[in-house]
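For the sequence shown, position 25 matches number 25 in the UniProt record's numbering, and the numbering has no gaps at all.
For glycine and all other residues, C-beta sits at the position ideal for the given N, C-alpha and C.
In what follows, a structure is listed as structure tokens, so that the remarks can point back to it.
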Amino acid sequence: MDDAPRDLQDLLERGDAGYERVRAISLDAVSNGAVLTQVDELRHSSAVLRPPQIIAIGANYAAHSSELSLRLETAATVFSLWPNSLTGHGSTITWPRDLTTQVDYEAELGVIIGRPARNVTVANALDYVFGYTVVNDITARDLQFSEAQWSRCKSFDGFTPTGPLVVTADEIGDPQNLWLTTHVDGRILQDASSGDMVRTVAEIISYLSKTSTLMPGTLISTGSPGGAGYSRKPPIFLRDGSTVTISIDKIGMLTTHCREI
1 MDDAPRDLQD LLERGDAGYE RVRAISLDAV SNGAVLTQVD ELRHSSAVLR PPQIIAIGAN
61 YAAHSSELSL RLETAATVFS LWPNSLTGHG STITWPRDLT TQVDYEAELG VIIGRPARNV
121 TVANALDYVF GYTVVNDITA RDLQFSEAQW SRCKSFDGFT PTGPLVVTAD EIGDPQNLWL
181 TTHVDGRILQ DASSGDMVRT VAEIISYLSK TSTLMPGTLI STGSPGGAGY SRKPPIFLRD
241 GSTVTISIDK IGMLTTHCRE I
């Protein structure tokens with residue numbers, strides 16, 4: 001295929017016709033004996049590389065809000081993550097010890113918008129989803145609680161690992177029926193259902209689309225369940241040499257290695 005899309009963003013910008021063409025060619029290649037490389041043999045980049053926006057939803061699980069002493073507001077808590085924070089499965093993140101000593105993990109379901117969404121209803125919102133991925137919303141807690149905004153503390157280089165896969169919406173079905181689990185150095189620290197969200201994926205998309213068009217490729221990180229390291233007694237923070245693995249049903253496992261510098 002001479003004009004193959006160079007990445008997911010390119011594919012999404014081509015619209016439904018472009019996607020269907022790539023899908024048909026791929027299925028034809030497989031049926032004719034094309035050799036496929038196993039996912040675990042690949043070197044991964046971020047699941048999304050050039051998203052128009054990275055939007056994060058805060059305090060979207062009651063247990064997480066309570067453990068961080070955050071109020072559940074009438075309106076959703078919305079903030080941006082910076083594109084330099086994106087990294088892939090199997091990557092090693094770093095942070096300077098003179099900036100933060102409280103680096104925390106957060107398992108989140110990532111939603112990728114497939115076509116422009118403007119002023120959509122809750123009932124129709126999931127029709128605008130291309131697919132889903134795993135997100136680890138890593139956070140420097142000491143910065144988070146010393147500032148009035150949440151973008152900088154979550155946007156260190158590499159602090160938003162995503163992947164390893166994007167699974168299309170038709171393969172997922174109901175996004176409120178997925179299980180999220182976080183292992184840190186072999187210990188289960190988060191274990192919850194996406195059904196525990198305060199605001200569903202459909203409600204989030206509808207809410208965001210009321211004020212601005214969500215363009216194809218937009219990544220929405222939908223919030224984290226309870227079990228964050230900050231709230232534990234004693235706290236459990238990521239440290240030099242830690243390994244975090246987040247798994248979500250039907251999508252896969254996202255592993256991140258940690259190094260303090």
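- Under the 8 Å Cβ criterion, the stretch 4-14 does not count as touching the stretch 117-127, having fewer than three qualifying pairs.
- Inter-residue distance for V166 and T133 is about 5 Å (C-alpha atoms, whole angstroms).
- The C-beta distance from A169 to F156 rounds to 30 Å, too long to meet the 8 Å contact threshold.
- Residue range A107 to I113 is occupied by the beta strand (DSSP E) that includes L109.
- Within 10 angstroms of the beta-carbon of F145 lie fewer than 16 other beta-carbons, which makes it exposed.
- Cβ-Cβ separation between G158 and I112: approximately 20 Å, too far for a contact (criterion under 8 Å).
- About 7 Å separates the beta carbons of I55 and L208, which is inside the 8 Å limit, making them a contact pair.
- A direct Cα-Cα distance of roughly 11 Å separates T101 from I236.
- Under DSSP, the beta-bridge partners assigned to E260 are W95.
- Q190 counts as buried, since at least 16 other C-beta atoms from the protein chains shown sit within 10 angstroms of its C-beta.
- Scanning R115, E41 and G173 for the CA closest to the CA of D16 turns up R115.
- Close CB contacts of H183 within its chain, under the 6 Å cut and outside five residues either way in sequence, are with T245 (chain order).
- The three-state secondary structure of S146, taken from DSSP, is coil.
- Of the other Cβ atoms in all chains shown, 16 or more fall within 10 Å of the Cβ of I205; this residue is therefore buried.
- Beta-bridge partners assigned by DSSP to L12: none are found.
- In this structure, G90 is the residue among E108, G33, G241 and G90 with its C-alpha nearest to the C-alpha of H44.
- Straight through space, the alpha carbons of A228 and F130 are spaced by roughly 29 Å.
- In this structure, the beta-carbon distance from S221 to V135 falls below 7 Å.
- Exclusion of the five residues before and after R118 leaves S209 and T213 as the residues of its chain whose Cβ lies within less than 7 Å of its Cβ.
- Just so you know, the alpha carbons of T211 and V22 end up roughly 33 Å apart.
- With contacts defined as CB atoms closer than 7 Å, E147 and S224 fail to qualify as a contacting pair.
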